[in-house]
Amino acid sequence: MKTEISGVTIELRQGDIAQQADCEAVVNAANAKLETGGGVAGAIHRAAGPGLADEARPLGPLKPGEAVITGAHLLPNNYVIHCLGPVYGKDKPAGPLLASCYSRALDLAEQEKVTSIAFPAISTGIFGYPVEEAGMIAFTTILEEIPRLKYVTRIVYVLYSTEDLEMHKHMFAQLL
Ligand code: ADP
91 MKTEISGVTI
101 ELRQGDIAQQ
111 ADCEAVVNAA
121 NAKLETGGGV
131 AGAIHRAAGP
141 GLADEARPLG
151 PLKPGEAVIT
161 GAHLLPNNYV
171 IHCLGPVYGK
181 DKPAGPLLAS
191 CYSRALDLAE
201 QEKVTSIAFP
211 AISTGIFGYP
221 VEEAGMIAFT
231 TILEEIPRLK
241 YVTRIVYVLY
251 STEDLEMHKH
261 MFAQLL
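Right, here's the structure in full:
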């Protein structure tokens with residue numbers, strides 16, 4: 091599913107965040123120490139190789155809502171933007187912290203003149219954020235940020251399961 095808003099294409103697709111070769115930057119649902127882990131962080135670090143953690147670790151620890159940028163090492167991208175989402179029920183206020191991940195990731199992409207970026211559904215796995223609620227925050231934040239983007243012209247939102255993709259397509263259509 092692809093939609094163009096003010097010159098920025100937003101695409102929702104099912105896939106693996108570590109295999110988004112057509113995006114210049116990929117976003118990692120990182121842990122505070124910027125090390126490998128489960129879910130998205132595991133997939134990204136496995137594909138990127140140990141050089142990614144070596145570069146990222148000194149930039150941490152991250153606080154919820156923060157983001158940092160590194161090279162992509164063995165991934166087929168130029169950059170990895172590492173965001174620490176809130177742990178649902180623990181890091182508060184969860185909504186603004188999650189929104190901050192998306193806006194700060196876009197800030198870093200703009201700073202490096204990145205034209206295309208792929209996001210996973212931050213915080214909706216191990217961190218327990220309800221998928222639909224998190225999706226609404228992600229989409230509203232991305233839509234709010236679009237008017238100030240100068241370089242980013244393509245935003246891809248990658249869902250791991252087809253069920254999550256279908257749910258997000260419906261939610262996104264409601265926001266337009
Ligand atoms: P968090 O710790 O921020 O909750 P997770 O990595 O546990 O992050 O999960 C975030 C979301 O990413 C979940 O919806 C999960 O299903 C999905 N996910 C897990 N692995 C991948 C992957 N390789 N590519 C894209 N999405 C993934």
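Plus 90 on top of the position in the sequence shown (first one is 1) and you've got this note's numbering. In this text, a Cβ means the ideal position worked out from N, Cα and C, and glycines have one as well. Quantities reported herein were computed from a predicted structural model and do not represent experimental measurements.
Whole-angstrom Cβ separation of residue i and residue j, contact assumed at under 8 Å?
| i | j | result |
| --- | --- | --- |
| TYR192 | ALA115 | About 13 Å; that fails the 8 Å criterion. |
| ALA137 | THR126 | Rounded, the Cβ-Cβ distance is 11 Å, inconsistent with contact. |
| ILE207 | CYS113 | 6 Å |
| LEU255 | LEU102 | 6 Å |
| GLY218 | TYR178 | 4 Å |
| ILE227 | ILE245 | The Cβ separation is near 15 Å, so there is no contact. |
| ARG194 | GLU145 | Between GLU145 and ARG194 the Cβ distance is about 18 Å, and since that is not below 8 Å, they are no contact. |
| GLU222 | MET257 | 6 Å |
State yes or no: is the C-beta of residue i within less than 7 Å of the C-beta of residue j?
| i | j | result |
| --- | --- | --- |
| PRO154 | ASP181 | yes |
| GLN110 | LEU249 | no |
| PRO210 | ILE107 | yes |
| VAL117 | THR243 | no |
| LEU152 | LEU188 | no |
| MET131 | ALA120 | In the sequence as displayed, the identity of residue 131 is Ala instead of Met. In contact: ALA131 and ALA120 (Cβ atoms closer than 7 Å). |
| GLY141 | HIS163 | yes |
| ALA224 | SER213 | yes |
| VAL158 | LEU165 | no |
| GLY139 | GLY215 | no |
| LYS259 | MET91 | yes |
Hey, which unbroken runs of the alpha helix (DSSP H) at 4 residues or more fall wholly within the segment 134-221?
-> 140-146 and 184-201
Please specify which runs of the beta strand (DSSP E), each continuous and at least 3 residues long, are wholly inside the segment 221-251, giving them in chain order.
-> 244-249
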